[in-house]
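A short write-up of the structure that comes next.
Protein chains in written order, with our numbering: chain A, 87 to 199; chain B, 13 to 131.
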């Protein structure tokens, strides 16, 4: 059974700093990995999707990497802003998952102005 | 198209009552998913539909839960005889699967969720 872990559970950093969020998964037979953002009481917004054949994806100040063999992904946020404060979730789709996502428990990020 | 819509956004009910949530997916999307998220946890898969067919159900979906997608468009999730442990955010998502079947490359679009509080 696939298990997805995100450490730390919470992170606070001053505005302007670069930061890295971590995600690990136990079964490397994944089809893709996605990073989502969730604001309090709201649904999920997809940030980046990395196919299993890819090593990284970039969107603006966000860069996600994938090391399938070690079961790890990182989300790098450059020049953090208070508006980046949210919970960040990673999720994987297995080869036989039919797009069924297995989520981690998330990292709650607070950017201090 | 305004995305995935869920209604109601928040439902407070007493233990033992029935509740129903509705999800309207993006109109051209043929796959629709239900997830449940409890406080401090990531979402957990409940069930999914391709068009009107319910193709998979999680063991989390007890016999008090039923989901339908009668015409392959909107979907309902009904919880009968609610229990306090049912309190959670119920998230709906949709995607467009290719004709090849498995289309894991597609990004799921999530709705804002329906929060259930059982007193």
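Even for Gly, the Cβ is constructed at its ideal location relative to N, Cα and C.
Through-space distance from residue j to residue i, alpha-carbon basis
i	j	result
residue 191/A	residue 90/A	8 Å
residue 155/A	residue 142/A	14 Å
residue 108/B	residue 152/A	25 Å
residue 188/A	residue 99/A	28 Å
residue 79/B	residue 90/B	6 Å
residue 173/A	residue 65/B	33 Å
residue 186/A	residue 180/A	8 Å
residue 115/A	residue 170/A	31 Å
residue 56/B	residue 103/A	32 Å
residue 74/B	residue 63/B	22 Å
residue 95/A	residue 51/B	13 Å
Proximity test, Cβ basis, 7 Å: residue i and chain B
i	result
residue 111/A	no
residue 159/A	no
residue 128/A	yes
residue 154/A	no
Candidates the options: closest to residue i by CA position
i	options	result
residue 222/A	125/A, 110/A, 132/A and 167/A	The question about residue 222/A has no answer, for chain A in this structure spans 87 to 199.
residue 128/A	106/B, 97/B, 18/B and 99/B	18/B
residue 92/B	36/B, 64/B and 130/B	130/B
residue 120/B	196/A, 181/A, 94/A and 177/A	177/A
residue 98/B	32/B, 14/B and 15/B	32/B
residue 126/A	194/A, 198/A and 199/A	194/A
residue 15/B	127/B, 123/B and 128/B	123/B
residue 43/B	72/B, 59/B and 52/B	59/B
residue 38/B	125/B, 127/B, 126/B and 106/B	106/B
residue 101/B	71/B, 53/B, 84/B and 69/B	53/B
Status (buried if at least 16 other CB within 10 Å, exposed otherwise) for residue i
i	result
residue 87/B	buried
residue 22/B	exposed
residue 49/B	buried
residue 81/B	buried
residue 124/A	buried
C-beta neighbour in chain A for residue i, strict 7 Å
i	result
residue 100/B	no
residue 112/B	For residue 112/B, the predicted model reports a pLDDT of 48, less than 50, meaning its position is unreliable; a value from the coordinates is still stated below. So no, residue 112/B is outside the interface.
residue 55/B	yes
residue 130/B	no
Same chain, Cβ closer than 7 Å to residue i, neighbours up to 5 away in sequence not counted
i	result
residue 132/A	120 and 122
residue 112/A	88, 89 and 157
residue 101/A	166, 167, 168, 197, 198 and 199
residue 20/B	126
Other residues of its chain near residue i: CB distance less than 6 Å, five sequence neighbours each side excluded
i	result
residue 36/B	17 and 86
residue 127/B	22 and 101
residue 45/B	60 and 105
Close beta carbons around residue i, own chain, < 8 Å, minus the five adjacent residues each side
i	result
residue 137/A	117 and 118
residue 105/A	97, 99, 162, 163, 166 and 195
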